[in-house]
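This report concerns only the one structure given below.
There are 2 protein chains.
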Amino acid sequence: MSERSTLGIIAGGGMLPGLVAAACRSEGRPAHLLALSGHADPAVIAAAGLPVDWIRLGEAGTGFAHLRRAGVAEVVMVGPVRRPSLAELAPDWRTARFFARVGLKALGDDGLLRAVVGEIESEGFRVVGVDQVLEGCLAEAGRQAGPAPDEQAEADIARGVVVARALGAVDVGQSVVVQQGLVLGVEAIEGTDRLLARCGELARAGVGGVLVKLKKPGQERRVDLPAIGVRTVEAAAAAGLRGIAVEAGGALVLGRAEVAAAAERLGLFVVGITP
Amino acid sequence: MSERSTLGIIAGGGMLPGLVAAACRSEGRPAHLLALSGHADPAVIAAAGLPVDWIRLGEAGTGFAHLRRAGVAEVVMVGPVRRPSLAELAPDWRTARFFARVGLKALGDDGLLRAVVGEIESEGFRVVGVDQVLEGCLAEAGRQAGPAPDEQAEADIARGVVVARALGAVDVGQSVVVQQGLVLGVEAIEGTDRLLARCGELARAGVGGVLVKLKKPGQERRVDLPAIGVRTVEAAAAAGLRGIAVEAGGALVLGRAEVAAAAERLGLFVVGITP
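Each protein sequence line maps, in turn, to chains A and B.
For what it's worth, the numbering used here labels the leading residue of the first sequence as 1, then goes sequentially.
For what it's worth, the numbering used here labels the leading residue of the second sequence as 276, then goes sequentially.
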């Protein structure tokens, strides 16, 4: 975080916007939140203690004006944003102009995120990745916590990688759960929490499975990287899993020390892999 | 169903074993049920009104003896079988010999089904596909019921085909739900009912999505074809979907007339596609 300009934080769901806000505060960097209503968690945004504007997803014009007024030059987009239907979007003029160019079909396409990044940059902002703002949040290679995966766990991870890559190649999901070679579940838009809850019910007798999270090939690295946190470790343990494998350099570990402590406490491994 | 020999029906879950039994009765063909405990539905098996032996999955030796005693020469395998863990399997000697050869890893692999078919044939039985026993149960090409899919529905079907093929190529799942270009859900082992229930909760505003079911490339066609029935149509309607696309010649439509009637009543389309 070398620049001292005001950082614009475009905030989707989850705890990540709060973590970025806390990092800015601890480094004394000015920051401004642009929270997406219906996606950002009001409690997380309120607790961030930063100036904030709320906009709907369809209010790109208003959002750009807010960012300019706050003196923002650099923007980070953090936290999941459920892609809306056109009916929910109710686009303002600026948003409609964007979709007139990229096509409404983009609403169902991950190419949308790349287009959004390009659009923000066309307004003169610089879009940076969360890993440039939150030091050391990218998953590292190798074992991060817990016991070493045994042969079955390694085989399950390898199978999960094959499936996650096939899914990623068609722009779907980032997470797969494999137990004893069998794919228990595959994530689309339901989120990892729901995936894990379902796989807990579907698990077979014998040794537990693994959660594999990769970024999609060609995924815009500055937005929407897969992430794990303490809650992911706890949900994985509740689902009977033996560990979590994330893509080194391609996934976020939110609260590295806390994640490692939770994994040690619950006896799960966390490993960074290079598929 | 040209042969008049006793048909052995190896019965997994769902209503399919009952349909096959009914077809045999209506044609006066003798048949014998080998029901897999923990998988076959006792109510369906009892209602079939055929001689039956129950075995565990791990009792291949006992199963072969039952089939021989019943004078079976031709065997059909119908209804889903959840793949067991080794702990659940508790293999008998004959089953263990099989796994000693194909490897325990096969438990997590769809190649297992092909190996099972080969094993049954090595015992002198002929394995036939359910479509050779149930006349006219294979999905046909073109619109089977309901309104014609509009442009968005056609686009959603095309997207579903791309994702289902990618999944099938890595030997996972057969069903995908797509709404307005967005993949709402992907089926692993949870079953289509759970997939549909979840996608109903995840659906966005605006026009509803579609369910796409394909067989996997290279799938052993004599076993485990994807199937839809009246319940699938009802669950799809409850999830807010507008229609169902199945692979022509690669999926079963169980109760063609009833499925069409349910689709017309609920306003859903059912189409057979050739991906």
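Don't be surprised by glycine CBs; every beta carbon is placed ideally from N, CA and C.
Please read all numbers here as calculations on a predicted model, not as lab measurements.
Euclidean distance between Cα positions of residue i and residue j
i	j	result
B/Pro-305	B/Cys-299	7 Å
A/Val-130	B/Glu-476	30 Å
B/Gly-283	A/Ile-157	39 Å
B/Leu-529	B/Ile-519	14 Å
B/Leu-459	A/Ser-175	14 Å
B/Ala-297	B/Ala-323	7 Å
B/Gly-542	A/Ala-164	35 Å
B/Ser-277	B/Leu-500	The predicted position of B/Ser-277 is uncertain, since its pLDDT is 47 and thus under 50; a value taken from the coordinates is nonetheless stated next. Spanning the two alpha carbons is a distance of roughly 22 Å.
B/Glu-533	B/Ile-503	11 Å
B/Thr-281	A/Arg-204	35 Å
B/Gly-289	B/Arg-540	24 Å
A/Ile-55	A/Asp-41	13 Å
B/Val-498	B/Arg-469	22 Å
B/Leu-489	B/Gly-524	10 Å
A/Arg-198	B/Ser-360	18 Å
A/Val-233	A/Arg-159	20 Å
A/Pro-149	A/Leu-138	21 Å
B/Val-312	A/Lys-216	Val is not the amino acid found at residue 312 of chain B; the sequence shown has Ser there. Near 41 Å, if we compare the C-alpha coordinates of A/Lys-216 and B/Ser-312.
B/Glu-462	A/Ala-236	20 Å
A/Ile-45	B/Ala-428	38 Å
A/Gly-58	A/Trp-93	9 Å
A/His-32	A/Arg-101	29 Å
A/Ala-166	A/Ala-11	29 Å
B/Val-505	B/Leu-291	12 Å
A/Leu-182	B/Glu-363	15 Å
B/Gly-293	B/Val-327	12 Å
B/Ala-536	A/Ala-115	44 Å
B/His-341	B/Leu-309	8 Å
B/Phe-373	B/Leu-409	30 Å
B/Ala-335	B/Arg-358	15 Å
A/Gly-168	B/Gly-338	42 Å
B/Leu-325	B/Val-453	41 Å
A/Val-20	B/Pro-550	45 Å
B/Gly-411	B/Ser-301	15 Å
Range of the contiguous alpha helix (DSSP H) that encloses residue i
i	result
B/Val-508	505 to 513
B/Asp-431	426 to 444
B/Val-295	291 to 302
A/Leu-67	60 to 69
A/Arg-265	256 to 266
B/Glu-319	Here residue 319 of chain B turns out to be Val, not Glu, going by the sequence shown. Unbroken alpha helix (DSSP H) run through B/Val-319: 317 to 322.
A/Arg-198	192 to 202
Span of the beta strand (DSSP E) around residue i
i	result
A/Thr-274	Unbroken run through A/Thr-274: none, as it is neither H nor E.
A/Ala-145	142 to 145
A/Asp-53	52 to 55
Beta-bridge partners of residue i, as assigned by DSSP
i	result
A/Val-186	A/Val-176
B/Thr-370	Note: B/Thr-370 sits in no beta bridge, so no partner.
B/Glu-349	B/Leu-282, B/Arg-401
A/Ile-213	It should be noted that the sequence gives Lys, not Ile, for residue 213 of chain A. A/Ser-175, A/Val-246, per the DSSP bridge assignment.
B/His-307	B/Gly-283
B/Ala-423	Paired residues: none, contrary to the question.
B/Leu-413	B/Leu-527
A/Ala-227	A/Leu-252
Any C-beta of chain D under 8 Å from that of residue i
i	result
B/Val-447	In the structure shown, chain D cannot be found, because the protein chains are A and B.
Problem - Contact residues within the region 174 to 191 of chain A, judged by C-beta distance below 7 Å to chain B - result: Gln-180, Gly-181, Leu-182, Val-183, Leu-184, Gly-185, Val-186, Ala-188, Ile-189, Glu-190
Exercise for the section: Would you list, in chain order, the members of the region 158 to 169 of chain A that have their beta-carbon closer than 9 Å to a beta-carbon of chain B? Expected result: Arg-159, Val-162, Val-163, Arg-165, Ala-166, Leu-167, Ala-169
Practice task
With 9 Å as the C-beta to C-beta threshold (strictly closer), list the residues of the region 336 to 368 of chain B near chain A in chain order.
Solution key: Arg-357, Arg-358, Pro-359, Ser-360, Leu-361, Ala-362, Glu-363
Problem - Three or more C-beta pairs below 8 Å linking the region 205 to 212 of chain A and the region 239 to 256 of chain A - result: yes
Handout entry: Contact between the region 120 to 129 of chain A and the region 61 to 81 of chain A (3+ Cβ pairs under 8 Å)
Key = yes
Handout entry: Touch test, the region 137 to 154 of chain A against the region 257 to 272 of chain A, Cβ-Cβ under 8 Å, three pairs minimum
Key = yes
Handout entry: Residues from the region 468 to 480 of chain B in contact with chain A, defined by Cβ distance under 8 Å
Key = Arg-469, Arg-473, Leu-477, Arg-479, Ala-480
Exercise for the section: Please name the residues in the region 113 to 125 of chain A whose beta-carbon is closer than 8 Å to at least one beta-carbon of chain B, in chain order. Expected result: none
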